[in-house]
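Protein chains in written order, with my numbering: chain A, 7 to 294; chain B, 601 to 924.
Reading through the structure tokens given below for one structure.
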Amino acid sequence: MSDSTQRTRVVFSPEGIGRLALGWLVLSVMLLSAANAATDVERELPDDPLDSVMWESMANRFFPGGDIVFDQRVIVDAPLSAEDQFFLPVTVDATALETNGLHVEEIVAVADLNPIPHILTLRPLEADAFIGFRVKLQQTTPIHVGVKTSDGIWHVNGVEVDAAGGGCTAPAMAHGISNWMETLGQTRAIVRRESALSTRLSLRMRHPMDTGLADGIPVFYMNEMQVKLADGTALADIELYEPVSENPTLTLKPRVSSNQSALDVRARDTEGNEYVFELPVPDLVVGN
Amino acid sequence: MDNRRRIFLRNSLGVMAAGCACAMCGGANARTLQYEFQATEIASRTWAVHGRNEYFSLENGGNIVNVAFVEVPEGVVVVDTGPSRRFGEQLLRLIGEKIPGKPILRVYNTHHHPDHFLGNQAFDQSLVAAPQKVIDNISSEGNAMADNMYRLLGDWMRGTEVTVPGKALDAQSEEVGGRQFSLFYLSGHTSADFVIRDDETGVLFSGDLAFLFRAPTTPHADITAWRSAIETLRVTDRDLILPGHGPSDGRGESLEQTLDYLDWLDGSLRESVSKGWSMNEAMKTPIPPRFRALDVVDTEFERSVVHLYQQLEDELMPSIQISQ
Ligand SMILES: [Zn+2]
């Protein structure tokens with residue numbers, strides 16, 4: 007389970023670890039130091055409140071570098087039981103971290119026990135630290151969300167979601183429809199102004215999001231999305247991965263001042279198809 | 601308090617609360633895997649076996665559904681068979697106690713949800729009847745549903761296999777053992793919902809087109825079709841409705857309550873989609889106080905968001921021109 011290619015060295019807090027285990031750790035830490043001495047950053051990996059068997063691996067692979075703290079201010083909203091293992095809705099709200107001049111640099115969501123754990127990464131450059139998405143689950147799994155603030159600290163929280171099996175290895179619904187290629191990239195969107203500075207963008211795009219794990223269906227998914235202002239100012243960058251549900255549906259909160267009237271969205275998939283569109287931002291309706 | 605203790609307490613409180621909520625509802629003993637049926641004679645020689653108004657659990661063994669049996673002049677007619685082989689076998693035993701010595705002549709399946717047909721195995725397949733579309737749904741989705749029930753109910757499901765009805769119905773009525781039954785072919789709760797009326801007693805077996813004091817479920821729902829099915833049932837002559845879940849209903853309250861809930865559910869989800877809310881945000885919509893009387897309404901509302909949201913997104917979110 008432990009990840010031999012990890013860039014960071016792990017030092018456990020000593021509580022509850024027997025002398026023998028500690029001795030083994032010291033030894034392995036020394037070996038790792040020898041291998042990675044130049045790039046190493048020491049950090050303590052806190053115990054996972056969800057007790058995931060994959061926690062150490064998830065932390066090292068997806069939340070590298072800075073210190074890690076479990077933080078209730080990262081709100082990870084998901085049903086405790088997946089009604090549909092192909093579409094588990096998750097909404098992450100880490101806006102409470104943006105105090106005292108700190109801002110959120112990255113939001114990384116992973117499903118520990120999925121064959122491909124990484125769900126997505128959001129860089130909310132000029133957007134609230136907020137994202138809604140849907141994910142396919144292969145089995146009951148912890149979902150961890152790491153939010154990196156501008157001081158380099160990872161604020162992590164998560165939920166354990168009960169799920170029936172097979173969300174990642176079953177073919178997308180689109181493959182049951184003969185003309186699915188024709189609807190590829192079809193887009194629906196709602197943009198609403200929620201305040202003088204902030205908007206809500208809900209976006210839904212037709213795409214099978216094939217994981218490559220279903221028999222005979224090669225990997226094919228939307229892997230990049232950028233939201234910008236018409237003047238080119240980047241508001242949000244998103245990396246999407248295989249576990250994002252078919253027909254990716256995202257909710258974002260880009261910051262758009264009242265003198266701006268449109269968003270530019272550019273998305274790409276793993277075949278290099280580009281999907282580019284402009285979305286008008288309505289004026290703020292007072293009293294709405 | 602350690603975790604195990606807390607779970608134990610939570611479970612025992614759950615059982616107690618459910619036991620208090622419904623005086624006539626049966627239960628289940630998870631240790632012996634015995635369903636504790638309570639058969640209520642809701643009309644002359646017509647028994648309803650009321651399940652608990654809960655979701656599937658290891659404690660209730662899936663005894664969350666209403667099934668029924670009717671003594672007709674020459675035998676017995678059964679409506680729905682419960683969630684497992686064990687349920688079907690114990691139901692058959694109960695029928696033998698209430699109506700000794702009479703043969704089962706007909707078993708109806710109202711629709712393809714697992715709590716309604718997985719007990720079929722206990723009965724002679726050639727006597728199990730449903731509209732062709734219900735049979736098709738059981739054939740195509742039955743196994744996946746049974747798998748999910750094994751996951752939720754564990755040992756209660758031991759030995760259960762999908763038994764597809766042996767007889768397809770399309771007549772407006774049929775006579776069974778000297779009794780006339782009217783047959784209604786509707787949809788909305790699922791793509792095929794079958795309603796049966798005993799023309800002698802006037803009992804209408806509505807299946808899951810009607811719920812009473814238990815929140816409606818929507819995994820295969822078409823709300824528009826469901827509303828029109830309720831309109832049909834509203835004007836259908838009857839003396840009593842046995843809803844798929846909840847107490848028997850002499851005043852048509854189950855139809856009104858189900859319609860009211862569906863109207864609210866549809867309206868509330870449309871509003872959430874139009875505001876660009878995520879599913880999780882939509883799940884936080886406050887439930888109006890009048891639906892507090894519906895058991896498990898919080899859970900069912902959350903499930904309904906997942907069932908219905910994407911279709912509404914495709915309907916309500918404006919289409920955007922893209923350049924590739
Ligand atoms: Zn049903």
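For every residue, glycine included, the Cβ atom is placed at its ideal position computed from N, Cα and C.
Note that the structure is predicted; figures quoted are calculated from it, not measured.
Could you round the C-beta distance between residue i and residue j to whole angstroms and report it? I think they count as a contact, below 8 angstroms.
| i | j | result |
| --- | --- | --- |
| alanine 178 (chain A) | aspartate 237 (chain A) | Incorrect: roughly 37 angstroms between the Cβ atoms, too far for contact. |
| alanine 65 (chain A) | leucine 103 (chain A) | No, alanine 65 (chain A) and leucine 103 (chain A) are not in contact; Cβ-Cβ is about 18 angstroms, not under 8 angstroms. |
| phenylalanine 813 (chain B) | aspartate 863 (chain B) | At roughly 18 angstroms, the Cβ-Cβ gap does not stay under 8 angstroms, so phenylalanine 813 (chain B) and aspartate 863 (chain B) are not in contact. |
| arginine 779 (chain B) | valine 672 (chain B) | 4 angstroms |
| valine 167 (chain A) | threonine 147 (chain A) | 6 angstroms |
| alanine 722 (chain B) | threonine 681 (chain B) | 7 angstroms |
| valine 96 (chain A) | phenylalanine 139 (chain A) | 6 angstroms |
| proline 52 (chain A) | glutamate 132 (chain A) | With a Cβ gap of about 31 angstroms, proline 52 (chain A) and glutamate 132 (chain A) do not count as contacting. |
| valine 75 (chain A) | isoleucine 149 (chain A) | Not quite, the Cβ-Cβ distance comes to about 18 angstroms (not below 8 angstroms), so this is no contact. |
| aspartate 157 (chain A) | leucine 108 (chain A) | 6 angstroms |
| glutamate 248 (chain A) | valine 233 (chain A) | Contact doesn't hold; Cβ gap of about 22 angstroms is too wide. |
| serine 684 (chain B) | leucine 718 (chain B) | 6 angstroms |
| isoleucine 922 (chain B) | threonine 193 (chain A) | 5 angstroms |
So which of the options has the shortest CA-CA distance to residue i?
| i | options | result |
| --- | --- | --- |
| glutamine 252 (chain A) | A:Gly191, A:Lys259, A:Glu280 | Checking the sequence, you will find glutamate at residue 252 (chain A) rather than glutamine. Nearest option by C-alpha distance: A:Gly191. |
| valine 110 (chain A) | A:Asp118, A:Val162, A:Val153, A:Gly138 | A:Val153 |
| valine 906 (chain B) | B:Arg645, B:Met879, B:Thr885 | B:Met879 |
| tyrosine 785 (chain B) | B:Arg779, B:Ala768, B:Val776, B:Ile823 | B:Ala768 |
| threonine 790 (chain B) | B:Phe805, B:Arg797, B:Thr801, B:Leu809 | B:Leu809 |
| serine 644 (chain B) | B:Ser806, B:Val670, B:Thr681 | B:Val670 |
| asparagine 663 (chain B) | B:Ser868, B:Val676, B:Gln638, B:Val679 | B:Gln638 |
| arginine 870 (chain B) | B:Phe794, B:Asp798, B:Gln911 | B:Gln911 |
| aspartate 243 (chain A) | A:Tyr227, A:Arg272, A:Gly218 | A:Arg272 |
| proline 710 (chain B) | B:Ser787, B:Leu859, B:Leu658 | In the sequence on display, residue 710 (chain B) carries threonine and not proline. When each option's Cα is compared against that of threonine 710 (chain B), the closest is B:Ser787. |
| arginine 751 (chain B) | A:Ala202, A:Glu89, A:Ala100, A:Ala170 | A:Ala170 |
| threonine 760 (chain B) | B:Ser773, B:Ala771, B:Asn743 | B:Asn743 |
| alanine 115 (chain A) | A:Glu50, A:Tyr227, A:Leu126 | A:Leu126 |
| proline 843 (chain B) | B:Gln634, B:Ile642, B:Ala630, B:Glu636 | B:Ile642 |
| leucine 269 (chain A) | A:Thr255, A:Val287, A:Gly278, A:Asp275 | A:Val287 |
| serine 63 (chain A) | A:Pro130, A:Asp118, A:Leu256, A:Pro254 | A:Asp118 |
| aspartate 99 (chain A) | A:Ala195, A:Ile223, A:Gln78 | A:Gln78 |
| alanine 628 (chain B) | B:Asp755, B:Lys702, B:Ile695, B:Leu705 | B:Asp755 |
| threonine 836 (chain B) | B:Ser868, B:Ile796, B:Leu859 | B:Ile796 |
| methionine 757 (chain B) | B:Asn748, B:Val764, B:Pro765 | B:Asn748 |
| isoleucine 823 (chain B) | B:Arg851, B:Tyr861, B:Phe794 | B:Tyr861 |
| serine 263 (chain A) | A:Leu246, A:Leu241, A:Phe283 | A:Leu241 |
| glutamate 674 (chain B) | B:Gly626, B:Thr763, B:Gly661, B:Glu775 | B:Glu775 |
| isoleucine 113 (chain A) | A:Ile159, A:Glu89, A:Asn120 | A:Ile159 |
| histidine 124 (chain A) | A:Gln144, A:Thr105, A:Arg212 | A:Gln144 |
Between residue i and ligand 1, is the CB less than 6 angstroms from at least one heavy atom?
| i | result |
| --- | --- |
| histidine 931 (chain B) | With chain B covering only 601 through 924, there is no way to say anything about residue 931 (chain B). |
| aspartate 755 (chain B) | no |
| aspartate 808 (chain B) | yes |
Mind checking who residue i pairs with in its DSSP beta bridge?
| i | result |
| --- | --- |
| isoleucine 841 (chain B) | B:Leu804, B:Asp849 |
| isoleucine 920 (chain B) | A:Thr193 |
| tyrosine 635 (chain B) | B:Ala628 |
| serine 782 (chain B) | B:Ser773, B:Arg797 |
| leucine 126 (chain A) | A:Ala115, A:Leu246 |
| valine 672 (chain B) | B:Gly675 |
| valine 162 (chain A) | A:Phe76, A:Gly152 |
| tyrosine 281 (chain A) | A:Ala273 |
| tryptophan 647 (chain B) | B:Glu641, B:Phe669 |
| threonine 147 (chain A) | A:Val167 |
| alanine 821 (chain B) | Partner(s): none; alanine 821 (chain B) has no beta bridge. |
| valine 82 (chain A) | A:Val98 |
| valine 110 (chain A) | A:Thr155 |
| valine 141 (chain A) | A:Leu94, A:Val250 |
| phenylalanine 136 (chain A) | A:Asp99 |
| arginine 814 (chain B) | B:Asp895 |
| serine 63 (chain A) | Partner(s): none; serine 63 (chain A) has no beta bridge. |
| arginine 261 (chain A) | A:Ser204 |
| isoleucine 699 (chain B) | Answer is none; isoleucine 699 (chain B) lacks a bridge partner. |
| isoleucine 286 (chain A) | Just to set this straight, residue 286 (chain A) is proline in the shown sequence, not isoleucine. A:Ala268, per the DSSP bridge assignment. |
| leucine 658 (chain B) | Looking at the DSSP assignment, leucine 658 (chain B) forms no beta bridge with any residue, so it has no partner. |
What residue ranges within the region 706–754 of chain B form continuous alpha helix (DSSP H) runs of no fewer than 4 residues, ordered along the chain? Runs of the alpha helix (DSSP H) inside the region 706–754 of chain B: 714–717, 732–753.
Minimum length 4: unbroken alpha helix (DSSP H) runs contained in the region 172–244 of chain A: Within the region 172–244 of chain A, no alpha helix (DSSP H) run of at least 4 residues lies entirely inside it.
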